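Chemist: Numbering (our numbering), first residue to last: 214 to 464.
The C-beta atom is built at its ideal place from N, Cα and C for all residues, glycine as well.
Model, not experiment: these values are computed from the prediction.
(1) Looking at residue 366: is its Cβ nearer than 8 Å to the Cβ of residue 266?
(2) How big is the Cα-Cα spacing for residue 433 and residue 374?
(3) Label residue 253 either buried or exposed according to how many other C-beta atoms from any shown protein chain fall within 10 Å of its C-beta, with 16 as the threshold for buried.
(4) If we require 4 or more residues per run, which alpha helix (DSSP H) segments fall completely within the stretch 317-389?
(5) Could you spell out the range, first to last residue, of the alpha helix (DSSP H) harbouring residue 283?
(6) Return the Cβ separation of residue 295 and residue 247 in integer angstroms, given the expectation that the two are a contact with Cβ distance under 8 Å.
(7) Indicate whether residue 336 and residue 300 have their beta-carbon atoms separated by less than 8 Å.
(8) Mind checking which residues open and close the alpha helix (DSSP H) that includes residue 276?
(9) With a cut-off of 8 Å, do at least 3 Cβ pairs link the stretch 417-431 to the stretch 321-334?
(10) CB residue 447 to CB residue 405, shorter than 8 Å?
(11) Just curious, the alpha helix (DSSP H) that residue 260 is in, first and last residue?
(12) Give the single residue among 268, 330, 272, 413 whose Cα lies nearest to the Cα of residue 353.
(13) Expressed to the nearest angstrom, what Euclidean distance is found between the alpha-carbon atoms of residue 235 and residue 228?
(14) Give the DSSP-derived three-state secondary structure of residue 401 in the structure shown.
(15) Using 8 Å as the threshold, is the C-beta distance between residue 238 and residue 303 below it?
(16) Please go through the same chain and pick out, in chain order, the residues whose beta-carbon is closer than 7 Å to the beta-carbon of residue 464, but skip the five residues on each side of it.
(17) Leaving aside the five residues before and after residue 350 along the sequence, list all residues of the same chain whose C-beta is less than 6 Å from its C-beta, in chain order.
(18) Return the Cβ separation of residue 341 and residue 388 in integer angstroms, given the expectation that the two are a contact with Cβ distance under 8 Å.
(19) Please look up how many angstroms separate the CB atoms of residue 327 and residue 390, rounded, as I've assumed it's under 8 Å.
(20) Buried or exposed: which applies to residue 160, given that a residue is buried once 16 or more other Cβ atoms fall within 10 Å of its Cβ?
(21) Look at the alpha carbon of residue 453 and the alpha carbon of residue 279, and state the distance between them as a whole number of angstroms.
Structure representation (structure tokens):
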């Protein structure tokens with residue numbers, strides 16, 4: 214029988230372990246950030262982020278900075294955000310190392326693939342947004358710009374737009390993970406999800422219309438992948454349920 218002192222020592226040891234894992238995660242992000250500052254550098258990183266917008270503007274056009282320190286702070290902010298994204302596998306590994314000792318084998322078989330797949334899907338959503346969506350959206354918007362207007366985007370506003378769009382696409386690409394979790398927790402069955410498929414499609418378009426700019430290209434670029442990823446979730450959910458079911462649940 215454990216004494217109160219033993220329980221307190223166990224709690225303190227968990228706090229120390231959590232602190233150590235958080236420190237290691239922060240060190241990983243810091244190392245990645247320093248590496249990006251050394252190469253290719255904050256200025257070059259922002260230039261890469263701005264390429265889709267610059268490509269949609271007239272030849273020779275540039276973006277502007279309306280704040281005194283914006284030319285310094287904005288590239289640094291971009292570098293930090295990218296460092297966090299690139300260090301995400303390391304951060305999630307530290308989280309996994311903290312919680313794994315307290316999990317059963319069947320729980321590990323569920324959580325480990327979900328952590329890995331959620332990281333990959335989020336990065337895939339960000340990459341999809343940058344490489345396939347931004348260029349089309351900016352060219353679409355530029356087509357409707359009156360010739361009497363000189364389009365000179367502000368670097369800080371552009372960064373906020375890029376970050377919100379990348380976050381929206383990264384989160385939207387987590388649809389299969391959400392489906393698997395809902396099915397595994399018993400909140401809904403695969404058969405029920407298939408039954409409400411039409412409502413899910415409508416919901417995808419509603420979400421896309423809310424989180425993207427008010428143009429059809431952005432909305433369809435987000436809604437269609439969400440629908441396809443919903444179908445992917447329906448395919449993989451039964452497999453995850455079988456792998457992560459405890460022996461006593463199967464009996």
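Modeler: This is what the structure gives:
(1) yes
(2) 18 Å
(3) exposed
(4) 318-341, 347-356, 368-385
(5) Here the alpha helix (DSSP H) through residue 283 covers 283-299.
(6) So it is not a contact: roughly 13 Å between Cβ atoms.
(7) no
(8) Here residue 276 belongs to no alpha helix (DSSP H), and DSSP marks it neither H nor E.
(9) no
(10) Their beta carbons are not under 8 Å apart, which means residue 447 does not touch residue 405 by this criterion.
(11) Counting along the chain, the alpha helix (DSSP H) containing residue 260 begins and ends at 255-269.
(12) For residue 353, the closest C-alpha among the options 268, 330, 272, 413 is that of 268.
(13) 10 Å
(14) coil
(15) yes
(16) Residue placement at residue 464 is poorly supported in this model, since its pLDDT is 48, which falls under 50; the coordinates still yield a value, given next. Within the same chain, residue 464 has no close Cβ partners at all.
(17) 430, 431
(18) No, residue 341 and residue 388 are not in contact; Cβ-Cβ is about 13 Å, not under 8 Å.
(19) Confirmed, Cβ separation roughly 6 Å.
(20) Past the boundaries of the shown model lies residue 160; the chain is included only from 214 to 464, so the question cannot be answered.
(21) 51 Å
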